[in-house]
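What follows is a set of notes on a single structure, which appears directly below.
There are 2 protein chains.
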Amino acid sequence: MVEDREISQAVIGRLPRYFRYLGELKDQGIERVSSQELSDIMRVTASQIRQDLNNFGGFGQQGYGYKVESLYDEIGRILGLDKEHNLIIVGAGHLGQALVNYMNFERRGFIFRGIFDIDERIQGTQIRGITVRPMEEMEEFVRGNDIDIAVLTIPKTGALEVAERLVACGIRGFWNFAHVDLHVPDNIQVENVHLSDSLMKLSYNILSHID
Amino acid sequence: MVEDREISQAVIGRLPRYFRYLGELKDQGIERVSSQELSDIMRVTASQIRQDLNNFGGFGQQGYGYKVESLYDEIGRILGLDKEHNLIIVGAGHLGQALVNYMNFERRGFIFRGIFDIDERIQGTQIRGITVRPMEEMEEFVRGNDIDIAVLTIPKTGALEVAERLVACGIRGFWNFAHVDLHVPDNIQVENVHLSDSLMKLSYNILSHID
């Protein structure tokens, strides 16, 4: 078994996609797949696939291919999907509600435990059975419920202060939808989903393919 | 003026972030910024900034810095934000509703013109003044309303077929939230937002920083 920390961020970034395709093959009852077959369905080169998957040792064999289920399980383990993460979401607007209502995260071990919002009118209401709480209760909730991930679906104006408060009470990672870069200590992980940035890139690519 | 098409995808991917920071400086009434100052607030190296921004010629001068507003406008132009894009959204669930309700896209010229959903119970209802239409009307609507971008917020099972129908009626780009890779002709642009992938990467990074 290779140590997780030797795997590059570039490979890590590609793992969820392998995980998705292997999951589909597994659901179809397929037991083995060659790098060439994977290459055909994933539309990346077979050599890239071999290089990436070699990081996990032992699963590929010349002329035999990869064992789908073992490789799927191993990638899931590397990604930490065999463990539970406890999440809070800060910001119960449309996007926050959409994320809480998306069941697939829960299937993967990402469990929404608490929802917080600054708006008194929605405090006390429930989203998928989870009560929306006032911001003042956030720290105590995080400490008392072993919360490791905070999802920020608030406007950028409040995000930096909220992030600071969460760092102070021991949060380990942010899934950040606020349109601002969080500045947190190096041991805190941030994964940004900047929707506008993605839409702007699409706009560029469409325009540069028109002429 | 440098031709847009000479700029690498890596640089393009970073442009929205420059655009965001320059917009903030502009809002603060700042007229000039040096690469070193930008480096400090954006936390990337000054040489990376100089290299990236040199793609747009003429805006930086030794000992003078960049003209904030000109550079902001120029990057906006490169990204196509001086033009309007007409969007439809397919899938009026929580995520679709969240995107339609997010006003900032409209401020940037991305205008939601139509919403489509397979669920008869919500057809005819409105989201921010836009009527939810049946899927059967999609092609005619796209052709008749100069729609260039389709936002897919539907489960992966239906996404490939919907994408194929949209390609056939002339869509130019997909903003794809469905958890599947679209296979479309090379002249059609796809920007994926795979939320689960992003969450899995966060999970990995948290676990690999625990020991």
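Those protein sequence lines, which keep their order, are chains A and B.
Residue -18 is where the first sequence starts when you use my numbering, and the numbers rise one by one after that.
Residue -18 is where the second sequence starts when you use my numbering, and the numbers rise one by one after that.
Virtual Cβ for every residue (Gly too), placed ideally from N, Cα, C.
These numbers come from a predicted model, not from an experiment.
*Beta carbon of V123(B), beta carbon of I96(B): below 8 Å?*
In this structure, I96(B) does not lie closer than 8 Å to V123(B) by Cβ.
| said: Give me, in chain order, the residues of the same chain whose beta-carbon lies closer than 7 Å to that of K64(A); leave out the 5 immediate sequence neighbours on both sides. | reply: Excluding sequence neighbours, K64(A) sits near G90.
Residue range of the unbroken beta strand (DSSP E) whose run includes E172(A)
DSSP places E172(A) in the uninterrupted beta strand (DSSP E) bounded by Q170 to N173.
Inset, instruction - Return no unless some Cβ of chain A is closer than 8 Å to the Cβ of S179(B). - result: yes
ask   = In this structure, what does DSSP give as the bridge partners for T112(B)?
value = Here T112(B) is bridged, per DSSP, to Q107(B).
On the CB-based measure, 16 or more other CB atoms within 10 Å of its CB, does I92(A) come out buried or exposed? Of the residues assessed, I92(A) falls on the exposed side of the cut-off, its CB having fewer than 16 other CB atoms within 10 angstroms.
- Query: Rounded to whole angstroms, how far is the Cβ of I169(A) from the Cβ of R146(A), which I believe are closer than 8 Å?
  - Reply: With a Cβ gap of about 13 Å, I169(A) and R146(A) do not count as contacting.
Contact between the region 68 to 80 of chain B and the region 123 to 136 of chain B is defined here as three or more beta-carbon pairs at a separation below 8 Å; is this criterion met? By the Cβ test, the region 68 to 80 of chain B is in contact with the region 123 to 136 of chain B, since at least three Cβ pairs between them sit closer than 8 Å.
Fill in: Neighbour-count burial assignment, N35(A), 16 or more Cβ in a 10 Å radius
exposed
When you compare only the Cα positions, how much space is there between Y83(A) and I11(A)? 28 Å
_If I measure Cβ to Cβ from V148(A) and keep anything under 8 Å in the same chain, skipping five residues before and after, which residues do I get?_
V165, P166 and I169
Review point. Could one say the Cβ of G72(A) lies closer than 8 Å to chain B's Cβ atoms, at least one of them?
Key: no
In terms of residue numbering, what span does the beta strand (DSSP E) encompassing D98(B) cover?
-> F91 to D98 is the extent of the beta strand (DSSP E) around D98(B).
Taking a contact to mean a Cβ-Cβ separation below 8 Å, would you say L183(B) touches E87(A) in this structure? Not in contact: L183(B) and E87(A) (Cβ atoms no closer than 8 Å).
With DSSP collapsed to three states, give me the class of F37(A). coil
With a 10 Å radius around its C-beta and 16 neighbouring C-beta atoms as the bar for buried, classify N157(A) as buried or exposed.
-> Counting of Cβ neighbours within 10 angstroms places N157(A) among the buried residues, the total reaching 16 or more.
- Query: With distances taken from CA atoms, which of S16(B), Q32(B) and H175(B) is nearest K48(B)?
  - Reply: S16(B)
task = Provide the residue span of the beta strand (DSSP E) that contains A131(A), from first to last.
result = I130 to L133
Task: Limits of the unbroken alpha helix (DSSP H) element including G139(A) - done: Note, G139(A): alpha helix (DSSP H), K137 to A149.
Across which residues does DSSP place F155(A) in a beta bridge pair? Looking at the DSSP output, F155(A) bridges to A131(A) and V171(A).
Next item on the list: Would you verify that the beta carbon of Q9(B) is, or is not, closer than 8 Å to some beta carbon of chain A?
Entry: Chain A contact via Cβ: absent.
Is the CB of N35(A) under 8 Å away from at least one CB in chain B? no
For this session: Could you pull the start and end residues of the beta strand (DSSP E) that Y2(A) belongs to?
Result: Note, Y2(A): premise wrong, no beta strand (DSSP E); alpha helix (DSSP H) at Q(-10) to D8.
When you check each C-beta in the region 110 to 144 of chain B against every C-beta of chain A, which residues fall closer than 8 Å? D129 and I130
Alpha-carbon spacing of S(-11)(B) relative to N186(A), whole angstroms: 11 Å
- Message: Pull the bridge partners of I22(A) from the DSSP assignment, please.
- Response: Paired residues: none, contrary to the question.
Can you check whether the C-beta of Y(-1)(B) is within less than 8 Å of a C-beta belonging to chain A?
no
| said: Using only CA atoms, which one of G61(B), Y(-1)(B) and G4(B) lies nearest to Q32(B)? | reply: Y(-1)(B)
Would a C-beta distance cut-off of 8 Å place I30(A) and Y2(A) closer than the cut-off?
no
With 16 other CB atoms within 10 Å as the buried threshold, where does D129(B) fall? buried
**Asked** Of the choices L188(B), N67(B) and L180(B), whose alpha-carbon is the least far from that of N85(A)?
**Response** L180(B)
Quiz item: So, does the CB of E18(B) fall closer than 8 Å to a CB anywhere in chain A?
Solution: The beta carbon of E18(B) sits no closer than 8 Å to any beta carbon of chain A.
At least one CB of chain A closer than 8 Å to the CB of R94(B): is that the case? no
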